[in-house]
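Numbering follows our numbering, in which position 157 of the sequence shown is assigned residue number 157; successive positions increment by one, without gaps.
For every residue, glycine included, the Cβ atom is placed at its ideal position computed from N, Cα and C.
Since we're looking at a predicted model, the values are computed, not measured.
Data block below; observations after.
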Amino acid sequence: MSDIPEGAGRATARQAIGGGAWTVAERIIAQASQLVLFVAAARVLSPAEFGVFALVSTCALLFLRMAEVGWAPYIMSWEGDDTVPRQVVMAAIFTGLAFGVLGALVGLGYLLLGLGTVTAHLILLFSLWVVIATTCSAQKGMMIWRDGLRGSSIAEGAGEIVGMSVALVALYHGFGVYALVFGRLAYQTTHLSISFVVTARSPLFGMPSNELRALGRYSWHIFSSRFIVNLRLYIATFIIGAFLGPAPVGYYRAAQRLVGSIAEVIGAPSLVLAWSMFRQARDDHGVRTRGFQRQANLYFKLLFALGIPVFVWLTLMGADLISGLLGPKWLPALPLVGILALARALSLPAAATEPILSLNGEIGRLPLFNLTLLVLTIALTTVGAAIGLSAVAWSQVIAAVVAAVATNRMLRKHGGIDWREVLADAGRLVPPVLLGSAVILLARDLPMFQALPALVRAFGVAVPATAVYLLALTATQPALRDITLSLLRRRMRI
Numbered sequence: 001m002s003d004i005p006e007g008a009g010r011a012t013a014r015q016a017i018g019g020g021a022w023t024v025a026e027r028i029i030a031q032a033s034q035l036v037l038f039v040a041a042a043r044v045l046s047p048a049e050f051g052v053f054a055l056v057s058t059c060a061l062l063f064l065r066m067a068e069v070g071w072a073p074y075i076m077s078w079e080g081d082d083t084v085p086r087q088v089v090m091a092a093i094f095t096g097l098a099f100g101v102l103g104a105l106v107g108l109g110y111l112l113l114g115l116g117t118v119t120a121h122l123i124l125l126f127s128l129w130v131v132i133a134t135t136c137s138a139q140k141g142m143m144i145w146r147d148g149l150r151g152s153s154i155a156e157g158a159g160e161i162v163g164m165s166v167a168l169v170a171l172y173h174g175f176g177v178y179a180l181v182f183g184r185l186a187y188q189t190t191h192l193s194i195s196f197v198v199t200a201r202s203p204l205f206g207m208p209s210n211e212l213r214a215l216g217r218y219s220w221h222i223f224s225s226r227f228i229v230n231l232r233l234y235i236a237t238f239i240i241g242a243f244l245g246p247a248p249v250g251y252y253r254a255a256q257r258l259v260g261s262i263a264e265v266i267g268a269p270s271l272v273l274a275w276s277m278f279r280q281a282r283d284d285h286g287v288r289t290r291g292f293q294r295q296a297n298l299y300f301k302l303l304f305a306l307g308i309p310v311f312v313w314l315t316l317m318g319a320d321l322i323s324g325l326l327g328p329k330w331l332p333a334l335p336l337v338g339i340l341a342l343a344r345a346l347s348l349p350a351a352a353t354e355p356i357l358s359l360n361g362e363i364g365r366l367p368l369f370n371l372t373l374l375v376l377t378i379a380l381t382t383v384g385a386a387i388g389l390s391a392v393a394w395s396q397v398i399a400a401v402v403a404a405v406a407t408n409r410m411l412r413k414h415g416g417i418d419w420r421e422v423l424a425d426a427g428r429l430v431p432p433v434l435l436g437s438a439v440i441l442l443a444r445d446l447p448m449f450q451a452l453p454a455l456v457r458a459f460g461v462a463v464p465a466t467a468v469y470l471l472a473l474t475a476t477q478p479a480l481r482d483i484t485l486s487l488l489r490r491r492m493r494i
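Right under this line is the structure:
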């Protein structure tokens, strides 16, 4: 018997899989583009150059998180007409400009004080990036709010392809680390242009004072929470730089970027899907209802079914991936890949935290929660950095375990999610994952695969492993099979 109810439940599941398919496709395009650029940059730039870029880009990302505040989530949780969302986009434009000017002043200060021309120019370029990216973020929220998952995916996918092309041309014309920023600027400009075509809505001046206060309160909770999460994610970069220098930062960021490329294929669609699915549960059933639990059962099952096998593959084939992609000068990053993949896998459920708490009116609990996890992560990372790079990576695993336990407890208490039911429902994924993993372990030692280049072998063993996994999945999850086939038939008739 199917474990997903008929009628509206099936329609919701089809909508979730369909919307998820668009965002997964976009993320695959995005990560493939970024991976091509990453490999090209790793072969052209030295680890020290890559480390300097990593430090500046990390600071720029934190600046962007401050400029974004909570514009996009506020738009996505809005229940009225499009007046306020358009006003929020205008607010995003002004905050982006403000933080862009502030960043430019820092860059000019570097130039005047003679602290490094390359670093100063990177800061100036990233300041322009912050201006454009802040508006892009609000526009993405606008597209998702209007159920524009397809439009959002097209905008991001096209932006990634254009950005990669610009960066590669600049890289091979001798622009060095600047080429990577040129690519990001091209991506954001393309995304922004397409987003306004998709929404067909212009920014709007003016906002009532009561709505402005509500926006301020909500945005503060979102901003503080997201900023702390991003600081927690990238704090290791700064700590390694302080303890070990730029070259180890380059090695760590190389491993982190490889794992992050895979994680974002799962993470970005899962966040979009969480907002869409749990907002529908709130609109249809109210907060902390059985409808929320049903959505959680489906959402986390889809998340685990997609995410866990990918991280298992990355862990088992990480050696071939990093040696095949980056070459011998990046071999010190080799031991870090599997460890960081484990940390990211443990963090999978965290993608739903912000949407669930926000839609349940409990978003105010998130900043202090994330601040506690940040303090723990800093302490663990500092201890690890005093020992070495591998210890830093293992410290992220320990932090991820603590964060997963704490997150699950908070979602149960304040989001109405019964994790016993979620895990029981997802328990049937274990046999397919084990079978797929066994195929990888067996296939990679076969003579036909051993004779292949490392990178080809890494992707080659995934073919039979994926086939076995999907066959086992259809046997243990007939409801997902039926919904997916139904969705494919509908697409073929269009």
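Candidates the options, of which the one nearest residue i by Cα
{"i": "Y252", "options": "Q280, L316, I322", "result": "I322"}
{"i": "G141", "options": "V401, V69, L334", "result": "V69"}
{"i": "R43", "options": "L348, N408, G324", "result": "G324"}
{"i": "I154", "options": "A296, A465, A352, A25", "result": "A25"}
{"i": "I228", "options": "S77, D445, G241, M66", "result": "M66"}
{"i": "G307", "options": "R86, R282, D283, G260", "result": "G260"}
{"i": "V162", "options": "S137, S152, V181, T190", "result": "T190"}
{"i": "P85", "options": "S127, A391, P208, W330", "result": "P208"}
{"i": "T95", "options": "W78, A403, C136", "result": "C136"}
{"i": "R184", "options": "V249, V197, G174, S165", "result": "S165"}
{"i": "V422", "options": "F292, R457, T372", "result": "F292"}
{"i": "Y74", "options": "L113, Q139, I132", "result": "Q139"}
{"i": "S276", "options": "R257, I266, Y299", "result": "Y299"}
{"i": "V101", "options": "A60, L452, L273, A404", "result": "A60"}
{"i": "A54", "options": "L180, I132, G116", "result": "L180"}
{"i": "V405", "options": "V88, W419, T83, R457", "result": "W419"}
{"i": "A426", "options": "Y218, A133, N297, T466", "result": "N297"}
{"i": "G206", "options": "M90, L273, S270", "result": "M90"}
{"i": "L204", "options": "R150, D81, N370", "result": "D81"}
{"i": "Q87", "options": "R201, W313, A30, R150", "result": "R201"}
Residue range of the unbroken alpha helix (DSSP H) whose run includes residue i
{"i": "M143", "result": "117-145"}
{"i": "E362", "result": "Per DSSP, E362 belongs to no alpha helix (DSSP H) and is neither H nor E."}
{"i": "L185", "result": "178-199"}
{"i": "S390", "result": "389-414"}
{"i": "Y172", "result": "Neither: Y172 is in no alpha helix (DSSP H) and is coded neither H nor E."}
{"i": "L496", "result": "No statement about residue 496 is possible, as the shown extent of the chain runs from 1 to 494 and does not include it."}
{"i": "Q477", "result": "Note, Q477: premise wrong, no alpha helix (DSSP H); not H, not E."}
{"i": "R86", "result": "83-113"}
{"i": "A341", "result": "334-346"}
{"i": "W78", "result": "Neither: W78 is in no alpha helix (DSSP H) and is coded neither H nor E."}
{"i": "F205", "result": "No alpha helix (DSSP H) holds F205; DSSP gives it neither H nor E."}
{"i": "G436", "result": "430-443"}
{"i": "V56", "result": "47-68"}
{"i": "V461", "result": "No alpha helix (DSSP H) holds V461; DSSP gives it neither H nor E."}
{"i": "P447", "result": "447-450"}
Cβ distance (whole Å) where residue i is taken to contact residue j below 8 Å
{"i": "P309", "j": "Y469", "result": "6 Å"}
{"i": "H221", "j": "L366", "result": "6 Å"}
{"i": "A263", "j": "R213", "result": "That pair is no contact at about 36 Å."}
{"i": "A255", "j": "L336", "result": "4 Å"}
{"i": "W71", "j": "A98", "result": "Their Cβ separation, rounded to whole angstroms, is 13 Å, which puts W71 and A98 out of contact at 8 Å."}
{"i": "L374", "j": "R232", "result": "5 Å"}
{"i": "I417", "j": "I356", "result": "7 Å"}
{"i": "L124", "j": "G107", "result": "4 Å"}
{"i": "G338", "j": "T315", "result": "4 Å"}
{"i": "F449", "j": "G460", "result": "6 Å"}
{"i": "A465", "j": "V439", "result": "4 Å"}
{"i": "S395", "j": "G388", "result": "Actually they do not touch by this definition, with Cβ atoms about 11 Å apart."}
{"i": "L62", "j": "A167", "result": "No, L62 and A167 are not in contact; Cβ-Cβ is about 22 Å, not under 8 Å."}
{"i": "A274", "j": "A351", "result": "6 Å"}
Own chain partners of residue i with C-beta closer than 7 Å, once the 5 adjacent residues on each side are dropped
{"i": "A319", "result": "L334"}
{"i": "G7", "result": "The pLDDT assigned to G7 is 46, lower than 50, so where the model puts this residue is not dependable; a value taken from the coordinates is nonetheless given after this. If we look at G7 and ignore the five residues flanking it on each side, it has no Cβ neighbours."}
{"i": "S127", "result": "G100, G103, A104, G107"}
{"i": "P332", "result": "Y251"}
6 Å CB neighbourhood of residue i in its chain, flanking five on each side removed
{"i": "I398", "result": "L380"}
{"i": "L473", "result": "P432"}
{"i": "A11", "result": "With a pLDDT of only 49 at A11, under 50, the local geometry of the prediction cannot be trusted, and the value read off the model is given with reservation. Hits under 6 Å: none found."}
{"i": "L326", "result": "A42"}
Nonlocal neighbours in the same chain, by C-beta distance under 8 Å from residue i, ignoring five residues either side
{"i": "T58", "result": "Y234, T237, F238"}
{"i": "L52", "result": "At residue 52 the sequence reads Val, which differs from the Leu that was named. V118, T119, L122, V177, P246, listed in sequence order."}
{"i": "A402", "result": "Checking the sequence shown, residue 402 turns out to be Val, not Ala. L373, L376."}
{"i": "L552", "result": "Given a span of 1 to 494 for the chain in the structure shown, any question on residue 552 remains unanswerable."}
{"i": "F182", "result": "L125, V166, A167, A170, F175"}
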